[in-house]
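Residue numbering for the sequence shown follows full-length UniProt numbering, beginning at 1 and increasing consecutively.
Every residue, glycine too, gets a C-beta built ideally from N, C-alpha and C.
Please read these numbers as outputs of a predicted model, since none were measured by experiment.
Please read the structure below before turning to the comments.
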Amino acid sequence: MSDAEKITTQRSTVDEWTVGLSQSTGSPGGGAGAGVMLAIAASLTSMVAGYTEADPERADRLAAILARAATLRESALQLADDDATASRAFGAAFKVDPGPERDEAIRRAAIGAAQSSAELGHHAVAAIDDLSWLAEHGKRAVIADVVVAFGALRAAVAGARTNASFDLATLKSSGSTLDEIHAEHPRLWDSVETLTTAIERIDACTDSIDHRAAPTDPVGAS
């Protein structure tokens, strides 16, 4: 097992993982970072839901949010490690000698990396509803944590969107045009647009509560 393969969200401390992220290896890289940001968003969602009083009208909703957030935290960390694995395959493909084998290796690696990013993005988009609900109904004393959670969630979505787009565009190096890539991988292509829309939605949610989270900010107070 290489040093890069030893760095995982499951086996490494935060210090060890971030040192691994700081290395010029790309494994873990930005995609794995997006996965960790998603795990942070899920953890903060759990925290805010836990602080919120579960009156009879909200008890079932809060219990469901807590369950989903706990599952998402674990899934996000696994997705971060999966992305690191995909990044290693991506890097290895570009080291193959020029020729048909290299083109095919790049194609497979690019598709795999794009799929990994799209899956992470799908999980992140699904988390928006619960965090939005907590922004409206959660304990007011922890509204700042909701904003931080939205920030982490935005980072996860933006990372997934950008990586998926970049990975798809990399298929051009194996001879495909953008039109051909769109036709051959419509779901992955559409996921980029879905994630772009999700970023706009997160920004709108954050803007709607920022005046409550940061009342002394000159912009928010005006």
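As assigned by DSSP and simplified to three states, the class of residue i
| i | result |
| --- | --- |
| Thr216 | coil |
| Gly99 | coil |
| His185 | coil |
| Asp81 | helix |
| Ile7 | coil |
| Phe90 | helix |
| Asp13 | The question names Asp, but residue 13 is Thr in the sequence shown. Coil at Thr13, not helix or strand. |
| Thr18 | helix |
Neighbourhood of residue i by C-beta, 6 Å cutoff - its chain only, sequence neighbours within 5 removed
| i | result |
| --- | --- |
| residue 225 | There is simply no residue 225 to check, as the chain begins at 1 and stops at 222 in what is shown. |
| Ala109 | Ala89, Phe90, Ala93 |
| Ala105 | Ala93, Val96 |
Exposure of residue i, with buried meaning 16 or more beta-carbon neighbours within 10 Å
| i | result |
| --- | --- |
| His211 | exposed |
| Arg11 | exposed |
| Val157 | buried |
| Arg161 | buried |
| Asp190 | exposed |
| Arg154 | buried |
Sequence-distant residues of the same chain with beta carbon closer than 7 Å to residue i, five excluded per side
| i | result |
| --- | --- |
| Gly30 | Gly159, Asn163 |
| Thr196 | Arg161 |
| Ala114 | Ala164, Asp167, Leu168, Leu188 |
Open item on the list: So within the segment 154–201, which uninterrupted alpha helix (DSSP H) runs reach at least 4 residues, ignoring any that extend past its ends?
Closed with: 178–184
TODO: Please specify which runs of the alpha helix (DSSP H), each continuous and at least 4 residues long, are wholly inside the segment 105–164, giving them in chain order.
DONE: 128–137
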